[in-house]
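Residue numbers (the numbering used here): 4 to 164. Where a beta carbon is used, it is the ideal one built from N, C-alpha and C, also for glycine. All figures in this text were calculated on a predicted structure; none of them were measured in a lab. Below is one structure, written out as structure tokens; the observations come after it.
Structure representation (structure tokens):
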């Protein structure tokens, strides 16, 4: 397999992971598996939270893809590496930069990081399964748009809608 093809597969997978992560966060973490994700929306002093199980679940296919790419189907290697790269960057951003679970060495004041940190904090403004905004990581709307949506959702829920 050519290097350009491998790079293209890697990039397509990395970017595709944003769609996958958004859908998983919106419909699985805030849906069927809220019992795991709830721990992430509640205050706690524990080093680990039940939500961390998602990292294990999402790492498993990446490991399988890399192994298959190395030993059977080379085209799976850049896919596994794309999933892994997305997961590592997300972990660094989410757990390190936003939630300060470990030092990152980055202040996060650039426009790129500030927008994502604000979006994630607005997501955490709601501690329940419903009514949250901003489920993505790479692509996020402006804080102004998210605040307006959050306000609208709060107004709708207080009106019994």
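Inset, instruction - Confirm, please, whether the CB-CB distance from residue 137 to residue 129 is below 7 Å. - result: no
Legend entry - Beta-carbon gap between residue 170 and residue 134 smaller than 7 Å: Not covered by the structure: residue 170. The range shown for the chain is 4 to 164.
Legend entry - Nearest to residue 101 (by Cα), restricted to the options 89, 123, 114: 123
Inset, instruction - Please classify residue 28: does DSSP put it in a helix, a strand, or coil? - result: helix
Legend entry - Helix, strand or coil at residue 67 [DSSP, three-state]: helix
Legend entry - Rounded separation between residue 17 and residue 6 - CA only: 16 Å
Legend entry - residue 4, buried or exposed, once every other Cβ within 10 Å from all chains shown has been counted against 16: exposed
Inset, instruction - Could you check the C-alpha separation between residue 141 and residue 109 for me, to the nearest Å? - result: 17 Å
Legend entry - Residue of 89, 56, 24, 93 minimising C-alpha distance to residue 38: 56
Legend entry - Where the alpha helix (DSSP H) containing residue 86 begins and where it ends: 79-94
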